[in-house]
Amino acid sequence: MSKTVLNVNGIEVIYNHVILVLKGVSLQVPEGGIVALLGGNGAGKTTTLRAISNLLKGERGAVTKGSIELRGERIESLTPADLVKRGVVQVMEGRHCFAHLTIEENLLTGSYTRSDKAEVARNLEKVYTYFPRLKQRRTSQAAYTSGGEQQMCAIGRALMASPSIVLLDEPSMGLAPQIVEEVFAIVKDLNARERTTFLLAEQNTNMALKYSDYGYILESGRIVMDGAASELAGNEDVKEFYLGVG
Ligand code: ATP
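In full-length UniProt numbering, the protein residues as written are 1 to 246.
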């Protein structure tokens with residue numbers, strides 16, 4: 001049995017003191033796993049990731065119940081910067097590359113918490129091994145790269161922080177299907193060869209289940225189903241409501 005890296009236990013999140021958005025969400029991510037958090041628009045996927053990386057304050061949101069543990073230690077009171085130092089790294093929806101920096105400069109911003117230069121150089125080489133396109137475009141300004149390359153850059157930047165877990169928010173958004181497939185295949189490869197652990201929030205259920213080990217389905221702030229990815233992909237309700245197959 002793999003160790004649990006992340007344990008989210010019954011969290012409630014309220015926005016603006018009144019809007020209850022997460023109504024007791026629990027999920028676990030094992031070391032070396034790819035876990036998908038699935039659900040439609042507004043189900044609460046981004047809110048769950050923001051709660052884990054303590055990014056709710058800027059949105060006037062707060063965790064009001066439950067606990068979040070990284071390798072058995074409570075982390076709800078850590079600052080977002082401390083969470084990155086501890087290896088909890090989020091790749092935001094919409095990619096958020098620095099448009100005026102080159103791809104390589106963007107990647108290096110991901111290593112600001114690492115003081116070991118040799119580790120930074122190793123991580124950069126690793127990113128270029130998994131994302132050869134980024135190596136080709138290393139001196140290009142991010143603004144002039146494609147949506148797929150910017151998504152790869154955002155994931156690469158997270159890897160520069162030597163993460164314990166990468167929280168990937170909707171990596172498929174705005175990308176053509178074959179690019180989504182390319183990005184997910186790299187995520188799977190990183191997971192298989194480096195044992196990088198991922199929690200992946202996705203509306204693209206089909207693609208997410210194809211590349212993850214386990215999935216949770218979130219509906220209106222509650223987990224309504226969970227199971228092995230292969231089981232969920234074969235489940236009649238999941239097919240009907242999330243895979244667009246009757
Ligand atoms: P999407 O795929 O559209 O991003 P999601 O599953 O990630 O959906 P969230 O973005 O977490 O869902 O939103 C969950 C609910 O919380 C929605 O009803 C949304 O309107 C609400 N919400 C999100 N951010 C805020 C905020 N800052 N203030 C108030 N309500 C918010």
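By construction, the Cβ of each residue, glycine as well, lies at the ideal position given by its N, Cα and C atoms. In this text, all values refer to a predicted model and were calculated from it rather than measured experimentally.
Per DSSP, the continuous beta strand (DSSP E) segment holding residue 225 begins and ends at 222-228.
In this structure, the CA atom of residue 146 is about 27 Å from the CA atom of residue 84. When Cβ pairs closer than 8 Å are counted between the two stretches, the region 61-79 is seen to touch the region 44-53, the count reaching three or more.
Between residue 156 and residue 175, the CB-CB gap reaches or exceeds 8 Å. Contact between the region 68-77 and the region 187-197 is not established, with fewer than three Cβ pairs separated by less than 8 Å. The straight-line gap separating the alpha-carbon atoms of residue 18 and residue 189 is approximately 42 Å. Below 8 Å, too few C-beta pairs join the region 165-172 and the region 117-129 to call them touching: fewer than three. For residue 169, the secondary structure class from DSSP, reduced to helix, strand or coil, is strand. Secondary structure of residue 54 (DSSP, three-state): coil. For the pair residue 202 and residue 41, the Cα-to-Cα distance works out to about 10 Å.
Residue 29 is not a Cβ neighbour of residue 55, given a cutoff of 8 Å. Approximately 4 Å separates the beta-carbon atoms of residue 12 and residue 65; this is inside 8 Å, confirming the contact.
Boundaries around residue 130 are those of the alpha helix (DSSP H), 117-130, since no beta strand (DSSP E) includes it. Beta-bridge partners of residue 241 (DSSP): none assigned. DSSP, reduced to helix, strand and coil, places residue 109 within a helical segment of the structure shown. Straight-line spacing of the CA atoms in residue 114 and residue 47 works out to 27 Å. With contacts defined as CB atoms closer than 8 Å, residue 31 and residue 67 fail to qualify as a contacting pair. Per the DSSP secondary-structure output, residue 62 pairs in a beta bridge with 14. The C-beta distance from residue 37 to residue 200 rounds to 7 Å, short enough to fall under 8 Å. When DSSP assignments are scanned along the region 134-163, no uninterrupted stretch of beta strand (DSSP E) that is 3 or more residues long falls wholly within it. Residue pairing from DSSP places residue 68 in a beta bridge opposite 8.
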